[in-house]
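Residue numbering for the sequence shown follows our numbering, starting at 1 and increasing by one per position.
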Amino acid sequence: MEKKVSFIVSSAFIFLWTQTIFQQLSAQELIAGDLRVMSFNIRNSHARDEDQNKWPNRKELVYEVIRKYAPDILGLQEVNRFQLDEIKQVFPEYETVGMGSKGDSNGQFSSIHYSKKRFTKKESGDFWLSETPSKVSKDWGSAHHRICTWVALFDKENQKIIYSYNTHLDDGSRKARENSAQLIMKHIHKNARTNPFIVMGDFNAPEDSTVLNYISGGSKLPSLPHLHAVDSYRILHPKTKDVGTYNGFTGKSNGPKIDYIMVKSDIEVIEASILKSNRKGRHPSDHFPVTAQLRIKK
């Protein structure tokens, strides 16, 4: 009997704890036109992880996080094809764009998923983070093929076209990360500079890096357009410490922040979070997802 009572109490505690986390996420009133965005490195299914951290044993945790936050725009990284197929089946309310980093369905996706109900796609595309971005390639000492997926969405609520970019920068080469950041910002300048835009993903770069300097418009390189993007999280939490977003399935957050939702500087940030939810110490991924509630100015 004591064991049964203990189990019931523990289960109730876990339920209430989980509910509290997501009540905090909803503390800010979501008014008509506000946009909820999530960036989430879900850890590729081919990784050699312990049994409990293999994709089949944690995918429901990933789905739970996405389902409870319910983003209007979702950027995922490290997605293998069969993971993508499963996610599309679980979330039919989203339309998906993106190509594998090795072309077509091969390699990892940095896919973008957007609400079918809210948005109409105007155009989309992918480009490789290399000297030859229009074809499958890698450069600058990159350890892997890297791709950036983008989409221009007509927002039926705001009556505006919003550009979203999603990427996973290389973990092995600083030069590759920096050149990739330049390439992305040049693409935005050419295609989206007059529109609201979002740049999200796993940048594999800390907040004081040259990569963030390039994306935020702080660089003085003559070849780089000076578009101003800001880290949505730091707009609301400028002094918060313990913001590491890579947790290695341990839940620790004492490392650098490497996952971002960067937004054009004239977009108002209403709420921003690093989601650290877990189930009995089990984490959905080796990265914490990051979220932002945005308000596009009229």
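Just so it is clear, CB atoms sit at the ideal spot from N, CA and C, and this is done for glycine as well.
These numbers come from a predicted model, not from an experiment.
For residue i, count the other beta carbons within 10 Å of its own beta carbon; 16 or more makes it buried, fewer makes it exposed. Which is it?
i	result
residue 82	exposed
residue 192	buried
residue 278	buried
residue 117	exposed
residue 77	buried
residue 271	buried
residue 234	buried
residue 41	buried
residue 221	exposed
Taking only the alpha-carbon atoms, compute the straight-line gap between residue i and residue j and give it to the nearest angstrom.
i	j	result
residue 157	residue 89	26 Å
residue 105	residue 137	15 Å
residue 59	residue 39	16 Å
residue 202	residue 257	9 Å
residue 79	residue 219	31 Å
residue 43	residue 185	26 Å
residue 33	residue 62	26 Å
residue 91	residue 249	24 Å
residue 54	residue 251	16 Å
residue 265	residue 230	6 Å
residue 151	residue 127	12 Å
residue 97	residue 66	17 Å
residue 123	residue 107	23 Å
residue 196	residue 187	14 Å
residue 141	residue 31	46 Å
residue 259	residue 148	15 Å
residue 280	residue 273	21 Å
residue 99	residue 84	11 Å
residue 143	residue 241	30 Å
residue 253	residue 224	33 Å
residue 294	residue 190	23 Å
Whose C-beta lies closer than 7 Å to the C-beta of residue i among residues of the same chain, with five residues either side of it excluded?
i	result
residue 102	136, 145
residue 215	181, 185, 199, 229, 262
residue 125	150
residue 310	In the structure displayed, the chain extends from 1 to 298; residue 310 sits before or after that span and is not available.
Using three-state DSSP, classify residue i as helix, strand or coil.
i	result
residue 298	coil
residue 161	strand
residue 39	strand
residue 64	helix
residue 76	strand
residue 143	coil
residue 149	strand
residue 282	strand
residue 178	helix
residue 155	strand
residue 136	coil
residue 108	coil
residue 127	strand
residue 264	strand
residue 46	coil
residue 210	helix
residue 232	helix
residue 85	helix
residue 186	helix
residue 274	strand
residue 170	coil
residue 199	strand
residue 302	Residue 302 lies beyond the stretch modelled for the chain, which goes from 1 to 298, so this question has no answer here.
residue 121	strand
Leaving aside the five residues before and after residue i along the sequence, list all residues of the same chain whose C-beta is less than 6 Å from its C-beta, in chain order.
i	result
residue 217	226, 227, 228
residue 171	204
residue 261	37, 39, 200, 232, 290, 292
residue 113	74, 94, 96
residue 115	72
residue 255	244, 246
residue 45	55, 80, 83
Strictly under 8 Å for the Cβ-Cβ distance: is residue i near chain B by that measure?
i	result
residue 54	The chain inventory of the structure shown lacks chain B, comprising one protein chain alone.
Excluding five sequence neighbours on each side, which residues of the same chain lie with their C-beta closer than 8 Å to the C-beta of residue i?
i	result
residue 169	129, 146, 176, 177, 180, 181, 201, 202, 203, 204, 205, 211
residue 120	153, 154, 156
residue 173	140, 141, 142, 143
Are the segment 207-215 and the segment 158-165 touching by the rule of at least three beta carbon pairs closer than 8 Å?
no
Taking contact to mean at least 3 C-beta pairs separated by less than 8 Å, is the segment 243-250 in contact with the segment 273-291?
yes
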